[in-house]
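Chemist: Supplied in structure tokens, the structure appears directly below.
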Amino acid sequence: MAKAGDKSGGSGNKGLKRKAATEERQEAAVAEDGTTESGVQPSKAAAFPPGFSVSEIKNKQRRHLMFTRWKQQQRKEKLAAKKKLKKEREALGDKAPPKPIPKTIDNQRVYDETTVDPNDEEVAYDEATDEFASYFNRQTFPKILITTSDRPHGRTVRLCEQLSTVIPNSHVYYRRGLALKKIIPQCISRDFTDLIVINEDRKIPNGLILSHLPNGPTAHFKMSSVRLRKEIKRRGKEPTEHIPEIILNNFTTRLGHSVGRMFASLFPHNPQFTGRQVATFHNQRDYIFFRFHRYIFKSEKKVGIQELGPRFTLKLRSLQKGTFDSKYGEYEWVHKPREMDTSRRKFHL
50 MAKAGDKSGG SGNKGLKRKA ATEERQEAAV AEDGTTESGV QPSKAAAFPP
100 GFSVSEIKNK QRRHLMFTRW KQQQRKEKLA AKKKLKKERE ALGDKAPPKP
150 IPKTIDNQRV YDETTVDPND EEVAYDEATD EFASYFNRQT FPKILITTSD
200 RPHGRTVRLC EQLSTVIPNS HVYYRRGLAL KKIIPQCISR DFTDLIVINE
250 DRKIPNGLIL SHLPNGPTAH FKMSSVRLRK EIKRRGKEPT EHIPEIILNN
300 FTTRLGHSVG RMFASLFPHN PQFTGRQVAT FHNQRDYIFF RFHRYIFKSE
350 KKVGIQELGP RFTLKLRSLQ KGTFDSKYGE YEWVHKPREM DTSRRKFHL
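Residue numbers (this note's numbering): 50 to 398.
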């Protein structure tokens with residue numbers, strides 16, 4: 050009798066399993082296209098009853114199934130509302146109301162008192178008397194020295210070599226154990242106007258020091274997201290020797306204005322437009338994105354661009370008066386995360 054009961058119980062369990070598997074396949078079909086096998090679309094009330102909470106479902110597979118169904122319904126409703134709004138705007142034509150501006154961290158930025166006004170007399174006086182005035186008055190021509198930290202590895206060396214093809218009149222020299230305090234006087238005696246030092250950690254470039262000669266200032270940046278030319282997809286051919294154009298975006302505060310002028314002083318004033326090459330320093334949320342492109346005019350209205358590389362991201366750590374002096378130097382600005390990064394909508398550049 051026990052054996053017969055076991056057999057009947059086993060056959061009953063198999064039948065229940067087959068029925069459950071059939072129901073799961075039907076639910077999966079409903080989840081994929083929103084209709085049952087008979088072609089009838091289930092009502093919203095049946096699929097999503099009032100007060101429905103997916104988190105209350107204890108079965109993990111069914112909870113995932115219901116969550117997927119809920120997401121698909123939301124996506125359909127959003128698409129339908131978007132199409133309806135588009136038709137209404139097309140029907141109204143020129144009388145359609147302006148599109149609402151979406152809220153982002155950038156346009157919700159906290160106002161900074163040091164934002165530069167182009168018509169401010171104090172700003173104009175500072176520009177006429179600062180360390181970069183001789184460059185903007187075309188009295189000096191940029192001459193850049195690019196070097197590395199001690200015992201650099203291949204990735205850092207290649208980055209320096211590729212930077213020298215982007216920045217005109219730049220020369221790459223290796224440290225060979227020399228301290229920066231000894232390198233700076235030699236640069237000044239040889240009429241170099243700027244010094245760039247690429248630091249590395251664990252064979253990866255992670256820092257950049259930019260010092261304007263002979264009187265400073267010196268900026269220290271954290272470097273990240275470095276991509277060399279061979280690592281960039283769909284990149285263009287090697288850059289030519291033409292002097293590139295330079296674009297500085299969103300350097301709005303007094304600090305950002307100074308940093309932007311430092312980058313501008315690396316490139317000569319007379320770009321050669323026949324080369325169609327442009328170097329961009331784009332500031333967004335205090336991160337400075339560097340890109341190097343070549344553009345081409347496909348027609349009167351269309352322009353195509355090709356990235357030439359390299360690319361990297363900089364974040365300002367400190368701005369120091371004078372040339373590099375880590376021990377006795379006077380700092381104009383130092384990034385203090387615990388004090389300055391209290392709000393996500395407050396930026397310094």
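Ideal placement from N, C-alpha and C gives every residue a C-beta, glycine not left out.
Is Tyr344 helix, strand or coil by DSSP?
Modeler: Tyr344 falls in the strand class under three-state DSSP.
Chemist: Looking at the secondary structure, which residues open and close the alpha helix (DSSP H) in which Asp175 lies?
Modeler: 170 to 178 is the extent of the alpha helix (DSSP H) around Asp175.
Chemist: If we count the other Cβ atoms within 10 Å of its Cβ and call it buried at 16 or more, is Glu249 buried or exposed?
Modeler: When all chains shown are included, Glu249 counts as buried.
Chemist: Are at least three pairs of beta-carbons, each pair with one atom in the segment 211 to 218 and one in the segment 316 to 329, less than 8 Å apart?
Modeler: The answer is yes - the segment 316 to 329 touches the segment 211 to 218, with three or more Cβ pairs under 8 Å.
Chemist: Let me make sure I understand the geometry here. Which of Tyr174, Asp155, Ser367 has the alpha-carbon closest to that of Ser392?
Modeler: For the residues Tyr174, Asp155, Ser367, the minimum Cα distance to Ser392 belongs to Asp155.
Chemist: With 16 as the cutoff for other CB atoms within 10 Å, does Ile296 come out buried or exposed?
Modeler: It is exposed - the Cβ of Ile296 has fewer than 16 other Cβ atoms within 10 Å.
Chemist: Taking Cβ positions, are Lys370 and Gly265 nearer each other than 8 Å?
Modeler: Their beta carbons are under 8 Å apart, which means Lys370 touches Gly265 by this criterion.
Chemist: From the DSSP secondary-structure annotation, give me the bridge partner or partners of Trp382.
Modeler: DSSP output for Trp382 lists Leu368 as bridge partner(s).
Chemist: Taking C-beta to C-beta, are Ile193 and Ile237 nearer than 8 Å?
Modeler: No, the Cβ-Cβ distance between Ile193 and Ile237 is not below 8 Å.
Chemist: Is Arg303 closer than 8 Å to Gly358 when the C-beta atoms are compared?
Modeler: No; because the gap between Cβ atoms is not below 8 Å, this pair is not in contact.
Chemist: Within the same chain, show all residues whose beta-carbon is closer than 6 Å to that of Thr362, passing over the 5 residues directly before and after it, in chain order.
Modeler: Once the five neighbours on either side are set aside, the close Cβ partners of Thr362 are Ser273, Ser274, Tyr336, Phe338.
Chemist: Rounded to whole angstroms, what's the CA-CA distance from Glu162 to Thr301? Just pull it up for me.
Modeler: If I take the Cα positions, the gap works out to 11 Å.
Chemist: Measure the C-alpha to C-alpha separation of Lys144 and Ile247 and round it to an integer number of angstroms.
Modeler: Rounded to whole angstroms, Lys144 to Ile247 spans 56 Å at the Cα level.
Chemist: Give the DSSP-derived three-state secondary structure of Glu388 in the structure shown.
Modeler: Note: Glu388 maps to helix in three-state DSSP.
Chemist: Rounded to whole angstroms, what's the CA-CA distance from Thr84 to Lys132? Just pull it up for me.
Modeler: Residue confidence is low: Thr84 scores 46 on pLDDT, short of 50, so the model does not pin down where it sits. Its coordinate-derived value is still stated next. Rounded to whole angstroms, Thr84 to Lys132 spans 22 Å at the Cα level.
Chemist: In chain order, what residues of the same chain lie with their CB nearer than 6 Å to the CB of His331, ignoring the 5 residues before and after it?
Modeler: Closer than 6 Å at the Cβ level, and outside the excluded window around His331, lie Asn298, Phe338.
Chemist: Near Asp166, which residues of its chain fall below 6 Å by C-beta distance, leaving aside the five closest residues on each side in sequence?
Modeler: So no residue of the chain qualifies.
Chemist: Looking at the secondary structure, which residues open and close the beta strand (DSSP E) in which Gln235 lies?
Modeler: First-last for Gln235: 229 to 238, but that is the alpha helix (DSSP H), not the beta strand (DSSP E).
Chemist: So Thr242 and Pro191 are supposed to be a Cβ contact under 8 Å. How far apart are they, rounded?
Modeler: Their Cβ separation, rounded to whole angstroms, is 5 Å, which keeps Thr242 and Pro191 in contact under 8 Å.
Chemist: Where do the ends of the beta strand (DSSP E) carrying Val257 lie?
Modeler: Per the sequence presented here, residue 257 reads as Leu, with Val not at that position. Per DSSP, Leu257 belongs to the beta strand (DSSP E) from 253 to 261.
Chemist: Report the option in Asn186, Asn108, Lys364, Ser348 whose CA atom is closest to the CA atom of Pro386.
Modeler: The shortest C-alpha separation from Pro386 is found at Lys364.
Chemist: Expressed to the nearest angstrom, what Euclidean distance is found between the alpha-carbon atoms of Ile253 and Ser307?
Modeler: Computed Cα separation, rounded: 28 Å.
Chemist: Consider the Cβ of Lys279: report whether some Cβ of chain B lies at a distance smaller than 8 Å.
Modeler: No chain B is part of this structure, which consists of one protein chain only.
Chemist: From this set, Gly309, Thr323, Leu257, Lys347, which residue's C-alpha is nearest Thr329's C-alpha?
Modeler: Of the candidates Gly309, Thr323, Leu257, Lys347, the one whose C-alpha sits nearest the C-alpha of Thr329 is Gly309.
Chemist: Measuring straight from C-alpha to C-alpha, what distance separates Leu227 and Cys209?
Modeler: Whole-angstrom Cα-Cα distance: 18 Å.
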